[in-house]
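Enquirer: Residue numbers for the sequence shown follow my numbering, beginning at 4 and rising by one.
The beta-carbon is built from N, C-alpha and C at its ideal position, and this holds for glycine as well.
This one's a predicted model, so the numbers in the text were calculated from it and none came from an experiment.
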Amino acid sequence: MTELRELERALSAVEAEARSAVEAAARPEELEALRLRYLGKKGRLTALKREVGRLPAELRPEFGRMVNRASAAIEAMLASRLEALARDETARRLEAERLDVTFPGRPWPRGHLHPVYQVWEAIEAIFVAMGFDVAEGPQVEWDDYNFVALNIPKDHPARDMQQSFYVAGEMLLRTQTSPVQIRYMRARCPELPIRMIAPGRVFRRDDDATHSPMFHQVEGLVVDRGISLGDLKGCLDLFAREMFGAAARTRFRPSYFPFTEPSAEVDVSCTVCGGTGCRTCGYSGWLEILGAGMVHPQVLANGGYDPEEVTGFAFGMGIERIAMLRYGVDDLRLFFGNDLRFLEQF
Ligand code: PHE
Numbered sequence: 004m005t006e007l008r009e010l011e012r013a014l015s016a017v018e019a020e021a022r023s024a025v026e027a028a029a030r031p032e033e034l035e036a037l038r039l040r041y042l043g044k045k046g047r048l049t050a051l052k053r054e055v056g057r058l059p060a061e062l063r064p065e066f067g068r069m070v071n072r073a074s075a076a077i078e079a080m081l082a083s084r085l086e087a088l089a090r091d092e093t094a095r096r097l098e099a100e101r102l103d104v105t106f107p108g109r110p111w112p113r114g115h116l117h118p119v120y121q122v123w124e125a126i127e128a129i130f131v132a133m134g135f136d137v138a139e140g141p142q143v144e145w146d147d148y149n150f151v152a153l154n155i156p157k158d159h160p161a162r163d164m165q166q167s168f169y170v171a172g173e174m175l176l177r178t179q180t181s182p183v184q185i186r187y188m189r190a191r192c193p194e195l196p197i198r199m200i201a202p203g204r205v206f207r208r209d210d211d212a213t214h215s216p217m218f219h220q221v222e223g224l225v226v227d228r229g230i231s232l233g234d235l236k237g238c239l240d241l242f243a244r245e246m247f248g249a250a251a252r253t254r255f256r257p258s259y260f261p262f263t264e265p266s267a268e269v270d271v272s273c274t275v276c277g278g279t280g281c282r283t284c285g286y287s288g289w290l291e292i293l294g295a296g297m298v299h300p301q302v303l304a305n306g307g308y309d310p311e312e313v314t315g316f317a318f319g320m321g322i323e324r325i326a327m328l329r330y331g332v333d334d335l336r337l338f339f340g341n342d343l344r345f346l347e348q349f
C-alpha cells in the first residue's frame with residue numbers, strides 16, 4: 004500500500020511539473036518537446052509506468068488507472084495550451100494586419116473625354132433636343148458620294164478646296180460629312196420629314212495652325228415640304244445661343260457650295276468681345292463657324308426626292324473650330340498633340 008501511495012505522489016509530482024512547464028510554453032514547438040519529455044518512450048511518465056513491477060499484482064490495475072489519468076491530464080494540458088497559443092497568434096495577426104475600412108483610399112488619376120468629343124456631345128445634345136436623328140457614314144467613301152452626287156463632278160474647281168487622300172481608284176477618305184446627306188436620303192426616301200445630323204471624322208491634305216489632315220465635322224440636313232431659309236436661320240440661331248450663350252447672335256454671308264443654293268457662311272458674334280471687336284475676331288466682332296444653305300434641287304433629286312415637292316436646308320460645321328472658340332484655343336494642333344498638360348485643362 005505504501006508503495007502505491009509513493010508512486011501516486013511521484014505521479015502527482017510529474018503531473019504538477021508538467022503543468023507548470025506547459026503553462027510556461029510560449030510556442031507550439033516547445034509543447035511538442037514537452038510531450039516527448041513527459042509522454043514519449045523515454046518520457047517521465049513512461050518511466051514511472053515501469054515501476055509497476057514494484058507493486059503486488061492486486062494493486063497493479065489501480066496504478067494503471069492512475070497512470071492513465073495522469074497521462075490523459077497531461078494530454079489535455081498540452082491540447083488546451085496549444086489551442087490558447089493558436090488563439091493568441093490569431094489575435095496578434097488580426098491586430099497587426101488590421102484593415103481600417105474608413106481610411107481614405109489612394110486616389111486614382113481619373114480621365115475624361117477629349118475636349119473635341121465633349122464639344123461633339125454638346126452639339127449632338129442641342130440638335131437631338133430639336134428633334135434631329137443622329138446618323139453616321141463611312142470614313143472611307145466613294146468619290147461618287149463625296150463629290151459627284153453633291154454636284155461636284157470630276158473636273159469641278161470646287162474639288163480644289165478639298166485636297167483629298169485617295170485610297171484606291173474611286174475610293175477616298177471623305178473630305179466632308181456631306182456624303183451622309185446622300186446616304187441618309189437614299190436610305191429614307193420617300194419618308195418625310197428628314198431631320199438628321201451626322202458627326203464624324205473627315206480628312207484633307209492640309210496641315211497648319213488652323214488645319215489638320217484629320218478633323219471632325221457635324222453635318223445637318225432637314226428635308227420636308229415648305230422648308231425655307233427662315234427655318235435654316237431659326238435653327239442655327241437657336242444652336243448658336245445654346246452653344247455660346249443667350250447673348251450670341253448669328254450673321255449669314257452669301258457664299259458658294261455646289262450642293263446648296265443659295266449658300267451662306269454663318270458667323271457668330273465674337274465669343275471673346277461679344278461683338279465689339281477684339282484680336283480674336285480681327286476687330287470684326289464676328290467669328291465664322293459653319294457653311295450652310297438650301298439643299299440644291301439636284302442634290303434632293305440625287306437623294307431620291309422630288310425637288311418640285313420638297314425643299315431642305317443643310318449645314319456643316321467643324322467641331323474643332325467650335326471647340327477653339329468655346330475654350331479660347333488658338334492652335335488647332337494642340338488638340339491632337341496628346342499633351343496631358345493641355346488636355347487636363349478641360
Ligand atoms: N461640306 C461643306 C464643307 O465641308 C460644309 C457645308 C455643309 C456647306 C452643308 C453647306 C451645306 O466645307
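(1) Over what stretch of residues does the beta strand (DSSP E) that includes Val226 continue unbroken?
(2) Where does Pro118 sit, in a helix, a strand or coil, going by DSSP?
(3) From Thr263 to Gln184, what does the alpha carbon distance come to, in whole angstroms?
(4) Between which residues of its own chain and Ser74 is the CB-CB distance below 8 Å, once the five residues before and five after are set aside?
(5) For a test of the three-state rule: what should DSSP assign to Tyr330, helix, strand or coil?
(6) Check Ile129 in the structure and name its three-state DSSP category.
(7) Run through DSSP, which three-state label would Phe316 get?
(8) With DSSP as the reference, label Ile230 as helix, strand or coil.
(9) Please check the pair Arg189 and Gly319, which I expect to be a contact at CB under 8 Å, by giving their CB distance rounded to whole angstroms.
(10) How far does the alpha helix (DSSP H) with Arg191 in it reach, from first residue to last?
(11) Give every residue of the same chain whose Cβ lies closer than 8 Å to the Cβ of His219, excluding the five residues on either side of it in the sequence, and list them in chain order.
(12) Whose CA, out of Arg162, Leu195, Gln142, lies closest to the CA of Phe150?
(13) Counting beta carbon pairs with one atom in the segment 150–160 and one in the segment 291–304, are three or more of them shorter than 8 Å?
(14) Using CA atoms only, rank isn't needed, just tell me which of Glu65, Glu86, Leu51, Glu61 is closest to Gly26.
(15) Between which two residues does the beta strand (DSSP E) containing Val143 stretch?
(16) Are the segment 9–23 and the segment 65–74 touching by the rule of at least three beta carbon pairs closer than 8 Å?
(17) Per DSSP, what kind of secondary structure is Tyr41 in: helix, strand or coil?
(18) Are there 16 or more other CB atoms within 10 angstroms of the CB of Asn305, so buried, or fewer, so exposed?
(19) Nearest to Leu7 by alpha carbon, out of Lys236, Arg329, Lys52?
(20) Report yes if the C-beta of Met319 is less than 7 Å from at least one heavy atom of ligand 1; otherwise report no.
(21) What are the partner residues of Thr178, as DSSP defines its beta bridges?
(22) Where in the segment 29–114 do unbroken runs of the alpha helix (DSSP H), each at least 4 residues long, occur, reported from the N-terminal end onward?
Expert: Reading it off the structure:
(1) For Val226, the enclosing beta strand (DSSP E) has its first and last residue at 217–227.
(2) Look at Pro118 here: in three-state DSSP terms it is helix.
(3) Distance between the alpha carbons of Thr263 and Gln184 is about 12 Å.
(4) Leu42, Leu48.
(5) In the three-state DSSP reduction, Tyr330 falls in the helix class (H, G or I).
(6) Of the three classes helix, strand and coil, the one that applies to Ile129 here is helix, per DSSP.
(7) DSSP places Phe316 in the strand class (E or B) of the three-state scheme.
(8) Residue state, collapsed to three classes: coil.
(9) 19 Å between Cβ atoms; not a contact.
(10) From DSSP, the alpha helix (DSSP H) with Arg191 extends over 182–191.
(11) Val119, Trp123, Pro202, Gly203, Arg204, Val205, Gly321, Ile322, Glu323, listed in sequence order.
(12) Comparing Cα positions, the closest option is Arg162.
(13) Segments in contact, yes.
(14) Before going further, note that residue 26 is Glu rather than Gly in the sequence given. Of the candidates Glu65, Glu86, Leu51, Glu61, the one whose C-alpha sits nearest the C-alpha of Glu26 is Glu86.
(15) Counting along the chain, the beta strand (DSSP E) containing Val143 begins and ends at 143–145.
(16) A contact exists between the segment 9–23 and the segment 65–74.
(17) Tyr41: helix per DSSP, three-state reduction.
(18) Buried, since its Cβ has 16 or more Cβ neighbours within 10 Å.
(19) Of Lys236, Arg329, Lys52, the residue nearest in Cα terms is Lys52.
(20) For the sequence presented, residue 319 should be read as Gly rather than Met. Taking 7 Å as the cut-off, the C-beta of Gly319 counts as close to a heavy atom of ligand 1.
(21) According to DSSP, which records beta bridges pairwise, Thr178 is partnered with nothing at all.
(22) Given a length threshold of 4 residues, each whole run of the alpha helix (DSSP H) inside the segment 29–114 is given here in chain order: 31–42, 47–52, 63–99.
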